[in-house]
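Colleague:
2 protein chains.
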Amino acid sequence: MPLLLLKDLPRYECLLEAAREFPDLDPSAAEALLHLLRTSDEAYAVSSRNMGDHGISPGRFMVLMLLWHGDQIKAAAPAGTVTCACSPHTPAELADNCGVTRATMTGLIDTLERDGFVKREPDPVDRRMMSVRLTAKAEEFLHGFLPGHFRIHSAIMSALSEAERKVLVRLLAKVQQQCAALRSDPAAAT
Amino acid sequence: MPLLLLKDLPRYECLLEAAREFPDLDPSAAEALLHLLRTSDEAYAVSSRNMGDHGISPGRFMVLMLLWHGDQIKAAAPAGTVTCACSPHTPAELADNCGVTRATMTGLIDTLERDGFVKREPDPVDRRMMSVRLTAKAEEFLHGFLPGHFRIHSAIMSALSEAERKVLVRLLAKVQQQCAALRSDPAAAT
DNA sequence: AGCTGATAGTTAGGAAGCTAACTATTATTG
DNA sequence: CAATAATAGTTAGCTTCCTAACTATCAGCT
Numbered sequence: 012m013p014l015l016l017l018k019d020l021p022r023y024e025c026l027l028e029a030a031r032e033f034p035d036l037d038p039s040a041a042e043a044l045l046h047l048l049r050t051s052d053e054a055y056a057v058s059s060r061n062m063g064d065h066g067i068s069p070g071r072f073m074v075l076m077l078l079w080h081g082d083q084i085k086a087a088a089p090a091g092t093v094t095c096a097c098s099p100h101t102p103a104e105l106a107d108n109c110g111v112t113r114a115t116m117t118g119l120i121d122t123l124e125r126d127g128f129v130k131r132e133p134d135p136v137d138r139r140m141m142s143v144r145l146t147a148k149a150e151e152f153l154h155g156f157l158p159g160h161f162r163i164h165s166a167i168m169s170a171l172s173e174a175e176r177k178v179l180v181r182l183l184a185k186v187q188q189q190c191a192a193l194r195s196d197p198a199a200a201t
Numbered sequence: 012m013p014l015l016l017l018k019d020l021p022r023y024e025c026l027l028e029a030a031r032e033f034p035d036l037d038p039s040a041a042e043a044l045l046h047l048l049r050t051s052d053e054a055y056a057v058s059s060r061n062m063g064d065h066g067i068s069p070g071r072f073m074v075l076m077l078l079w080h081g082d083q084i085k086a087a088a089p090a091g092t093v094t095c096a097c098s099p100h101t102p103a104e105l106a107d108n109c110g111v112t113r114a115t116m117t118g119l120i121d122t123l124e125r126d127g128f129v130k131r132e133p134d135p136v137d138r139r140m141m142s143v144r145l146t147a148k149a150e151e152f153l154h155g156f157l158p159g160h161f162r163i164h165s166a167i168m169s170a171l172s173e174a175e176r177k178v179l180v181r182l183l184a185k186v187q188q189q190c191a192a193l194r195s196d197p198a199a200a201t
């Protein structure tokens with residue numbers, strides 16, 4: 012029986028057995044997908060535990076990085092160049108980039124503001140909108156946190172050689188494309 | 012700037028640029044990890060949307076499958092063989108197998124019981140424990156749902172050939188092993 | 001100018017995750 | 001046997017996700 016994301020992944024033979032009862036079950040597909048989900052879950056757990064140790068959650072970290080990315084673009088832009096339009100700073104833009112709803116983003120910004128990482132300001136042009144800015148505290152936090160964060164990433168992927176990483180990226184891109192197609196047309200799975 | 016799980020993955024060139032400021036950042040490691048997390052997220056989204064369409068969440072589905080697995084083992088066992096000991100049926104066992112806390116499992120079982128999918132019974136041997144059982148409604152639901160569920164899995168992984176799936180599983184197993192090592196010894200990342 | 005429709009951020013309620021604490025039960029120790 | 005420690009499931013509170021609805025503001029149309 013294939014069981015999703017369980018502590019112990021089912022062995023391939025179990026999948027073959029289950030395929031006898033369920034003709035729709037493709038053993039190698041199930042095995043590959045389970046491994047994909049499970050490995051990602053494990054990698055995510057390693058990374059997010061490091062974040063947790065530093066008092067930040069993955070979601071909040073993503074918001075901080077997005078805002079920081081905006082700041083970096085501004086800092087690199089030649090004087091007088093208007094670059095604000097392309098960097099997210101409103102709750103809606105942040106939500107869109109993070110792939111969450113505006114309602115969820117409100118909560119994330121709430122806790123970030125509460126902890127002194129961001130400030131909300133009314134937009135001067137459109138009174139419906141807020142503008143979200145990083146505080147100095149957040150920049151300080153990121154500078155102290157990011158080196159270790161990247162080292163964790165490197166440590167995780169040190170299991171693979173450069174060539175293996177390239178192969179992995181290529182295969183994953185194929186799966187990703189397929190998922191995008193399935194999300195556009197769910198009927199394709201039937 | 013590498014940004015985790017954003018709508019658009021950063022291009023490799025952006026990672027090279029960022030590596031100039033952060034020597035701890037390994038571009039190919041970051042790229043591979045981001046692709047892994049992103050692809051898994053997309054695959055998970057396709058699968059869980061199908062579940063949502065059928066009124067079940069991934070977490071609840073996992074509980075049902077675990078209990079169902081226990082039932083299948085019982086049904087396959089020769090008469091008189093005591094097999095209950097190896098199949099999870101208490102909230103703690105279910106939680107352990109799902110990788111969540113007992114507190115979380117209480118909530119999952121609550122809603123499953125509310126919707127008529129499971130029944131709680133006091134354990135006859137140990138008064139501290141409950142025993143969780145599938146209802147006929149749950150078995151009926153699974154029989155109707157599983158074929159389509161497996162077809163989705165096959166559709167997702169149809170992007171890869173059998174050989175490519177084998178390569179993917181091999182690479183993922185390496186990463187998985189590394190994650191397990193890092194979780195045992197976080198200092199190894201520094 | 002006034003009305004209607006669209007938009008942004010927030011609120012309310014629910015689900016699912018966590019931690020810490022709790023109550024009831026069982027196991028262990030002296 | 002009594003006291004202490006361990007265990008199981010639940011509760012309370014928080015965070016993060018969702019949907020639907022809301023209020024305030026802006027845009028478009030007549």
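Protein chains in written order, with the numbering used here: chain A, 12 to 201; chain B, 12 to 201.
By construction, the Cβ of each residue, glycine as well, lies at the ideal position given by its N, Cα and C atoms.
1) Quick check: B:L183 and A:T50, are their CB atoms within less than 7 Å of each other?
2) Tell me whether A:E143 sits in a helix, a strand or coil according to DSSP, three-state version.
3) What first and last residue would you give for the alpha helix (DSSP H) that runs through A:V178?
4) Measure the CB-CB distance between B:A43 and A:V143 and report whether it falls below 7 Å.
5) Would you tell me roughly how many angstroms separate the C-alpha atoms of B:P158 and B:F33, rounded to the nearest one?
6) Am I right that B:P102 and B:T112 are in contact with their C-beta atoms under 8 Å? What's the rounded C-beta distance?
7) Mind the definition here: the region 130-137 of chain A touches the region 144-154 of chain B only if three or more C-beta pairs lie below 8 Å; say whether that holds.
8) Whose Cβ in chain A lies nearer than 8 Å to the Cβ of B:D37?
9) If you measure beta-carbon to beta-carbon, which residues of the region 48-59 of chain A are closer than 9 Å to chain B?
10) Leaving aside the five residues before and after B:N108 along the sequence, list all residues of the same chain whose C-beta is less than 8 Å from its C-beta, in chain order.
11) So, with DSSP's three-state summary, where would you put A:R131?
12) Run through DSSP, which three-state label would A:P99 get?
13) Whose Cβ in chain A lies nearer than 8 Å to the Cβ of B:R176?
14) Kindly indicate if chain A contains any beta-carbon less than 7 Å away from that of B:F156.
15) Could you round the C-beta distance between B:F156 and B:H65 to whole angstroms and report it? I think they count as a contact, below 8 Å.
16) Below 8 Å on the Cβ atoms is my guess for B:T115 versus B:K130; work out the distance and round it to an integer in Å.
17) Could you check how far apart the C-beta atoms of B:F161 and A:L36 are, in whole angstroms? I think they sit under 8 Å.
18) Answer with yes or no whether the minimum CB distance from A:H65 to chain B is below 7 Å.
19) If you drop the 5 nearest sequence neighbours on each side, which residues of the same chain put their C-beta closer than 7 Å to that of A:P89?
20) Which residues of chain B have a Cβ atom closer than 8 Å to the Cβ of A:F33, listed in chain order?
21) For A:H100 and chain B, any beta-carbon pair shorter than 7 Å?
22) Output the distance between the C-alpha atoms of A:R139 and B:S195, rounded to the nearest integer angstrom.
Modeller: Taking the structure as given:
1) Cβ distance < 7 Å, so B:L183 and A:T50 count as in contact.
2) First, the amino acid is wrong: residue 143 of chain A is Val here, not Glu. A:V143 falls in the strand class under three-state DSSP.
3) E173 to S195 is the span of the alpha helix (DSSP H), which, as asked, contains A:V178.
4) Not in contact: B:A43 and A:V143 (Cβ atoms no closer than 7 Å).
5) C-alpha of B:P158 to C-alpha of B:F33: approximately 48 Å in a straight line.
6) Taking the Cβ atoms as the reference, B:P102 lies roughly 10 Å from B:T112, outside the contact range of under 8 Å.
7) They do not touch, by the three-pair rule.
8) Result: F161, H164, S165 and M168.
9) When CB distances to chain B are screened at a threshold of 9 Å, the residues of the region 48-59 of chain A falling below it are L48, R49, T50, S51, D52, E53, A54, Y55, A56, V57 and S58, in chain order.
10) Closer than 8 Å at the Cβ level, and outside the excluded window around B:N108, lie L77 and P99.
11) In the displayed model, A:R131 falls within a strand according to three-state DSSP.
12) Assigned with DSSP and collapsed to three states, A:P99 falls in coil, not helix or strand.
13) Here the neighbours are S39, A40, E42 and A43.
14) In terms of beta-carbon proximity, B:F156 stays away from the interface with chain A, with every pair separated by 7 Å or more.
15) Sure, about 5 Å apart at Cβ, within 8 Å.
16) The distance from the Cβ of B:T115 to that of B:K130 is about 20 Å, inconsistent with a contact at the 8 Å cut-off.
17) That belief holds up - the Cβ atoms of B:F161 and A:L36 are roughly 4 Å apart, short of 8 Å.
18) So no, A:H65 is outside the interface.
19) With a pLDDT of 47 at A:P89, under the threshold of 50, the predicted position of this residue should be treated as unreliable, though the coordinate-derived value follows. Correct list: empty, nothing qualifies.
20) Near A:F33 (Cβ distances below 8 Å), the residues of chain B are L157, P158 and F161.
21) With 7 Å as the cut-off, A:H100 does not count as an interface residue toward chain B.
22) If I take the Cα positions, the gap works out to 49 Å.
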